[in-house]
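Single-structure report; data block below.
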Amino acid sequence: MNIRQSEQEHNMLLAKLDYVSNLLNRTNNGFDNYIAQDNRERTFWQMAYIHSDIWSMGIGGNEYKPSQKYLSNRTNSILGEIYESIDVLKGKCYLRKTSLNDIENKIESKLYLWSHIPSIHPVPGRKLGSGFGYRIDPISKKTIRMHWGLDIGAPRGTNILATADGVVSYIGWNGGYGHTLDIDHGFGFRTRYAHCQRILVKKGDFVKRGQVIAKVGNTGRSIAPHLHYEVHVSGVKVNPKTYIDLSSVVIN
Numbered sequence: 004m005n006i007r008q009s010e011q012e013h014n015m016l017l018a019k020l021d022y023v024s025n026l027l028n029r030t031n032n033g034f035d036n037y038i039a040q041d042n043r044e045r046t047f048w049q050m051a052y053i054h055s056d057i058w059s060m061g062i063g064g065n066e067y068k069p070s071q072k073y074l075s076n077r078t079n080s081i082l083g084e085i086y087e088s089i090d091v092l093k094g095k096c097y098l099r100k101t102s103l104n105d106i107e108n109k110i111e112s113k114l115y116l117w118s119h120i121p122s123i124h125p126v127p128g129r130k131l132g133s134g135f136g137y138r139i140d141p142i143s144k145k146t147i148r149m150h151w152g153l154d155i156g157a158p159r160g161t162n163i164l165a166t167a168d169g170v171v172s173y174i175g176w177n178g179g180y181g182h183t184l185d186i187d188h189g190f191g192f193r194t195r196y197a198h199c200q201r202i203l204v205k206k207g208d209f210v211k212r213g214q215v216i217a218k219v220g221n222t223g224r225s226i227a228p229h230l231h232y233e234v235h236v237s238g239v240k241v242n243p244k245t246y247i248d249l250s251s252v253v254i255n
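Note that our numbering has the sequence shown beginning at 4, numbered continuously upward.
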């Protein structure tokens with residue numbers, strides 16, 4: 004091999020190394036799109052950003068050691084840049100993978116929470132009747148009493164659905180409520196289904212949102228077949244309609 008041929012091959016090597024170096028730089032710069040996506044995802048799920056300085060760090064490892072004996076200074080310089088670019092790119096990929104795992108865990112925890120929040124109509128297709136608040140007693144027609152739930156009229160035997168995931172915490176005859184079913188959804192949420200004709204689950208059963216748990220009836224202090232539905236939050240009875248309206252925004 005003569006000197007001229009050696010120079011030509013050396014120049015070809017430099018050209019290829021320059022190409023690889025530029026490609027790595029473009030790839031590193033293009034990673035900004037993934038970083039922006041990561042920031043958007045973290046914003047949506049209310050998670051802290053990863054600082055830009057962290058993204059630009061490599062993961063460490065073997066550094067390039069220049070060879071003065073076989074390679075020119077220019078070749079050594081390009082190889083050093085390539086090693087550094089690869090290290091930074093590996094760091095970004097590792098960080099993005101770790102971040103995606105964190106985001107996935109956050110999503111799973113949110114979905115778990117949402118699945119336990121009462122948020123669907125317990126008797127789909129049926130109009131809401133007497134609501135939460137003070138009203139004239141429907142039986143005596145004289146006394147004004149607080150109505151702690153929501154009445155939903157339906158034919159006897161109509162399906163009643165669990166409005167969120169949870170554990171059946173009570174089944175039995177509960178005075179004016181008649182045949183009653185309570186579900187503990189965790190996170191401070193509890194729902195009550197009263198005046199049932201028949202209850203289809205047992206105490207301690209885990210039920211899923213949308214599962215048929217009972218049949219509409221007319222038991223207890225009631226003048227017509229209907230479901231009396233209550234939502235309790237941290238032991239306080241609240242307006243169930245607020246949670247039925249959640250059905251349009253909560254992931255089912």
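All C-beta atoms in this analysis are idealised placements derived from N, C-alpha and C, irrespective of residue type, glycine included. Because the structure is a prediction, the values reported are computed rather than measured.
Of the listed residues the options, nearest to residue i (C-alpha basis)
i: Gly128; options: Ser118, Met149, Ile186, Gly156; result: Gly156
i: Leu82; options: Asn242, Ile106, Val23; result: Val23
i: Ser55; options: His231, Asn42, Trp48; result: Asn42
i: Glu166; options: Ser225, Thr245, Gly179; result: What sits at residue 166 in the sequence shown is Thr, not Glu. Ranking the options by Cα distance to Thr166, first place goes to Thr245.
i: Gln200; options: Val91, Gly189, Asn221; result: Asn221
i: Ala227; options: Asp154, Glu84, Glu233; result: Asp154
i: Thr161; options: Ser88, Glu111, Pro125; result: Pro125
i: Gln40; options: Gly132, Lys100, Ile85; result: Lys100
i: Arg212; options: Trp151, His188, Tyr86, Gly132; result: His188
i: Phe256; options: Asn14, Met15, Glu84, Gly238; result: Examination of residue 256 is not possible in this model, given that the chain is present from 4 through 255 alone.
Distance CB(residue i)-CB(residue j) smaller than 8 Å
i: His119; j: Phe192; result: yes
i: Ile53; j: Leu98; result: yes
i: Ile202; j: Thr194; result: no
i: Val171; j: Lys130; result: no
i: Lys95; j: Phe34; result: yes
i: Ser225; j: Gly181; result: yes
i: Arg77; j: Leu116; result: no
i: Asn288; j: Ser88; result: Any property of residue 288 remains undetermined from this structure, which presents the chain solely from 4 to 255.
CA-to-CA distance, residue j to residue i, given in whole angstroms
i: Asp248; j: Phe135; result: 14 Å
i: Glu44; j: Leu184; result: 40 Å
i: Val215; j: Ser122; result: 15 Å
i: Pro158; j: Tyr37; result: 55 Å
i: Gly178; j: Ala197; result: 10 Å
i: Asp168; j: Asn242; result: 19 Å
i: Ile174; j: Ala217; result: 11 Å
i: Leu114; j: Val236; result: 19 Å
i: Tyr75; j: Asn28; result: Position check: residue 75 holds Ser in this sequence, whereas Tyr was assumed. Taking the straight line joining both Cα atoms gives about 22 Å.
i: His231; j: Ile147; result: 18 Å
i: Val234; j: Lys240; result: 6 Å
i: Asn25; j: Ile57; result: 22 Å
i: Ile110; j: Gln49; result: 11 Å
i: Leu92; j: Met60; result: 9 Å
i: Leu20; j: Gln11; result: 14 Å
i: Ser102; j: Ala51; result: 11 Å
i: Val253; j: Ser133; result: Caution applies to Val253, whose pLDDT of 46 falls short of 50 and renders its modelled position unreliable; the value that the coordinates give is listed next. The alpha-carbon atoms of Val253 and Ser133 are separated by roughly 25 Å.
i: Ser80; j: Tyr86; result: 10 Å
i: Asn14; j: Asp90; result: 26 Å
i: His229; j: Val219; result: 6 Å
i: Gly207; j: Trp176; result: 17 Å
i: Met149; j: Ser112; result: 37 Å
i: Gly152; j: Lys145; result: 20 Å
Just checking, does the segment 137-155 make contact with the segment 100-119 on the three C-beta pairs under 8 Å criterion? no
Write down every uninterrupted run of the alpha helix (DSSP H) in the segment 5-49 whose length is 4 residues or greater and which is fully enclosed by it, in chain order. 6-33, 35-47
Where are the beta strand (DSSP E) runs, 3 residues long or more, that stay fully inside the segment 175-240, in chain order? 182-189, 192-197, 199-202, 215-219, 229-236
As an exercise, report each continuous beta strand (DSSP E) stretch of at least 3 residues that is fully enclosed by the segment 92-143, in chain order. 136-139
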